[in-house]
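Residue numbers (my numbering): 220 to 355.
Every residue gets a Cβ at the ideal spot worked out from N, C-alpha and C, and that includes glycine.
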Amino acid sequence: MQYDDFIGEVQHRAQLDSREAALSSSRATLTTLSERIQPGEAENLGAQLPEELGRFLEEVDEVERFAFDEFVDRVAEREEIGDDDAADAAFHAQVVVDVVEEAVTEGALEDLKEQLPDDEGYDELFEIAEHEESPA
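Quick look at the structure:
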């Protein structure tokens, strides 16, 4: 997937006003993911994304353990959308991960899921993609 297509999909699916807002959501989500998953896994995932986006997964060398609520707080802070809009930040992160799913191999996505523990709420990140896959 090309950079323009990725950002366009995020903008459309998240119903954002601009490409800049879509880039901000993408940057916030990918940077926060890079803080939570192993550097090697982040680099593998980033290598399958457009270079302009993959670099956000390569900026962090230290992995931290934090729950999904903290993940959402960090995305909201990076997007500068405020604490009152945690639901928006969570939705934006879900949209970005949904577009990532289409841009990378199934193996890379499975590796990502394995890095994020189910018991800390991270399954919410994949809700859009899983909802689309389920039979109607």
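By Cβ distance below 7 Å, which residues in the same chain neighbour ILE226 in space, the five residues on each side in sequence not counted? On the sequence shown, position 7 is the one that residue 226 refers to. Closer than 7 Å at the Cβ level, and outside the excluded window around ILE226, lie ARG238, ALA241, LEU242 and SER245.
Delimiting residues of the alpha helix (DSSP H) encompassing LEU276: Along the sequence shown, read from residue 1 onward, the residue named residue 276 stands at position 57. No alpha helix (DSSP H) contains LEU276, which DSSP labels as neither H nor E.
Would you identify the three-state DSSP class for ASP338, choosing helix, strand or coil? The count along the sequence shown starts at 1 and reaches residue 338 at position 119. Helix.
Consult DSSP for PHE345 and reduce its assignment to one of helix, strand or coil. What you label residue 345 is simply residue 126 of the sequence shown in a count that begins at 1. Helix.
PHE287 beta carbon less than 7 Å from that of THR250: Against the sequence shown, residue 250 aligns to sequence position 31. Against the sequence shown, residue 287 aligns to sequence position 68. No.
Would you tell me roughly how many angstroms separate the C-alpha atoms of ILE300 and VAL319, rounded to the nearest one? Taking the first residue of the sequence shown as position 1, residue 300 is located at position 81. Taking the first residue of the sequence shown as position 1, residue 319 is located at position 100. Distance between the alpha carbons of ILE300 and VAL319: 22 Å.
Let's see if you can read the secondary structure: which residues bound the alpha helix (DSSP H) around VAL318? Here residue 318 refers to the residue found at position 99 when the sequence shown is read from its first residue. It spans 305-322 - the alpha helix (DSSP H) in which VAL318 sits, taken as one unbroken run.
If you follow the alpha helix (DSSP H) that ILE226 is part of, which residue opens it and which one closes it? Locating residue 226 in the sequence shown gives position 7, counting from the first residue. Segment 222-233, the alpha helix (DSSP H) holding ILE226.
I'd like the list of long-range same chain contacts for ALA312, defined as Cβ closer than 8 Å, with 5 residues on each side in sequence excluded. For the purposes of this step, residue 312 is identified with residue 93 of the sequence shown, where counting begins at 1. Correct list, in chain order: SER244, ALA247, THR248, THR251, PHE290, VAL291, VAL294 and LEU344.
Coil, strand or helix - VAL291 by DSSP: Here residue 291 refers to the residue found at position 72 when the sequence shown is read from its first residue. VAL291: helix per DSSP, three-state reduction.
Short of 8 Å in beta carbon distance, which residues of its chain neighbour ARG297, apart from the five on each side in sequence? Order them along the chain. As a first step, residue 297 is located in the sequence shown; it is residue number 78 there, counting from the start. Within the same chain, ARG297 has close Cβ partners SER243, ARG246, ALA247, THR250 and THR251.
Contact under 7 Å by Cβ, LEU268 with ALA322: Locating residue 268 in the sequence shown gives position 49, counting from the first residue. Locating residue 322 in the sequence shown gives position 103, counting from the first residue. Closer than 7 Å, so yes.
Would you tell me roughly how many angstroms separate the C-alpha atoms of GLN257 and PRO336, rounded to the nearest one? Walking along the sequence shown from the start, residue 257 turns up at place 38. Walking along the sequence shown from the start, residue 336 turns up at place 117. About 13 Å.
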